[in-house]
Amino acid sequence: MPDDSRTTRVPEQPALTPLDTGRAHHARVYDYWLGGKDNYVADRAAAEAVIAAVPTIPRMARENRAFLGRAVRHLVTGLGVRQFLDIGSGLPTAANVHEVAQDADPTARVVYVDNDPIVLAHSRALMTSTPTGRTAFVAGDALDPQAILDDPEVFATLDRHEPIALMLVSMLLYFTDAQVDTIIGTLVDALPPGSYLTISHPTADFAPAAAGQAVAAARHAGLTYHPRTHDQVAALFTGLHLVEPGVVPMLSWRPPPGPVDPRSVFYYVGMARKP
Ligand SMILES: C[S@@+](CC[C@H](N)C(=O)[O-])C[C@H]1O[C@@H](n2cnc3c(N)ncnc32)[C@H](O)[C@@H]1O
8 MPDDSRTTRV PEQPALTPLD TGRAHHARVY DYWLGGKDNY VADRAAAEAV IAAVPTIPRM
68 ARENRAFLGR AVRHLVTGLG VRQFLDIGSG LPTAANVHEV AQDADPTARV VYVDNDPIVL
128 AHSRALMTST PTGRTAFVAG DALDPQAILD DPEVFATLDR HEPIALMLVS MLLYFTDAQV
188 DTIIGTLVDA LPPGSYLTIS HPTADFAPAA AGQAVAAARH AGLTYHPRTH DQVAALFTGL
248 HLVEPGVVPM LSWRPPPGPV DPRSVFYYVG MARKP
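Sequential numbering from 8 applies to the sequence shown in our numbering.
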């Protein structure tokens with residue numbers, strides 16, 4: 008059973024890697040696209056280079072946050088989940104996972120995991136749990152998923168016998184197929200039956216030339232992106248039961264009312280239940 012003695016966990020752990028503001032970092036580039044202020048010259052240069060290839064990237068980042076909010080709300084209100092393991096959680100921004108989840112169920116518990124030292128530095132902003140819920144931040148590397156599971160904070164905060172929503176939202180694109188298989192395989196194996204996996208993943212399917220230019224611009228700035236096709240994203244859910252509407256363009260996943268062009272946001276998303 009999780010330890011109930013505190014509702015928030017302020018990290019005491021050291022950063023996994025030293026803060027290097029001279030090189031672009033994923034969390035800070037994404038922060039720039041979202042209009043945040045936690046970014047440096049190298050991050051802004053990389054972010055602008057990608058924008059030059061795909062001018063609507065900032066809108067796509069905002070749509071990704073909107074999807075994250077829809078997914079969390081559906082997990083709590085539609086599927087009865089109240090525990091979240093959010094890996095590659097990013098810098099605190101509007102509508103963080105615990106805020107959305109605890110708005111729907113104040114007892115919801117969230118463990119945030121990220122490997123960027125600046126996310127660790129800002130993680131106190133995520134430690135704003137309701138009195139009956141819990142939040143924690145773990146400095147962890149998705150490339151070592153077993154170490155994340157072994158961090159005592161994770162299952163001090165989450166009950167390993169109750170369903171857990173694993174959130175891998177806009178973060179698998181940094182990894183090779185073999186790395187993604189290890190990340191998902193290790194983490195999903197450790198979750199109890201009835202848990203859920205939620206993924207959002209960039210794709211080049213809707214605009215191959217522009218997406219290719221964005222990948223090249225990112226690579227020039229030292230950032231590696233692996234966009235994936237519909238079939239490749241669908242394969243990430245092998246062995247799990249997809250929640251309706253399946254693996255679809257982000258704007259087709261339980262969208263708010265109103266006309267949209269689903270192919271205008273270059274992402275696939277999906278959510279599935281572990282049997
Ligand atoms: C695009 S942001 C997504 C943030 C959030 N999930 C969202 O969708 O709004 C990607 C995040 O993944 C994190 N990340 C990248 N590589 C990672 C790794 N190896 N381990 C843990 N986090 C990582 C970055 O630091 C960044 O915060």
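Every residue gets a Cβ at the ideal spot worked out from N, C-alpha and C, and that includes glycine.
His168 burial status per 10 Å Cβ neighbour count (16 or more: buried) | exposed
Based on the DSSP secondary-structure assignment, which residues constitute the bridge partners of His248?
-> Arg280
Considering only residues of the stretch 209-273, which uninterrupted alpha helix (DSSP H) runs meet the minimum length of 4 residues and lie entirely inside it, listed in chain order?
-> 215-227 and 237-242
Short check: CB of Ala34 to CB of Gly97, under 9 Å?
-> yes
Proximity winner among Pro252, Gly219, His208 and Val250, relative to Val57 (alpha-carbon distances) | Minimum Cα-Cα distance from Val57 among the listed residues Pro252, Gly219, His208 and Val250 corresponds to Gly219.
Examine ligand 1 and report whether any of its heavy atoms sits within less than 8 Å of the Cβ of Thr100.
-> yes
Identify the residues that DSSP records as bridge partners of Met174: which are they?
-> Asp93 and Thr205
Under the DSSP definition of a beta bridge, which residues are partnered with Tyr275?
-> Answer by DSSP bridge pairing, in chain order: His208 and Pro256.
Return the chain-ordered list of same chain residues with a C-beta closer than 6 Å to the C-beta of Leu194, the five sequence neighbours on each side being excluded.
-> Pro152 and Leu173
Contact set for Val36: own chain, Cβ-Cβ below 6 Å, skip 5 residues either direction | Asp50, Ala53 and Ala54
Kindly give me the distance between the Cβ atoms of Gln90 and Arg131, rounded to whole angstroms, as I take these residues to be in contact under 8 Å.
-> By a beta-carbon distance limit of 8 Å, Gln90 does not contact Arg131. Their separation comes to about 22 Å.
Could you give the residue range of the beta strand (DSSP E) that holds Thr142?
-> Arg141 to Ala146
Do Ala143 and Thr164 come within 9 Å of each other at the CB atom, strictly closer than that value?
-> yes
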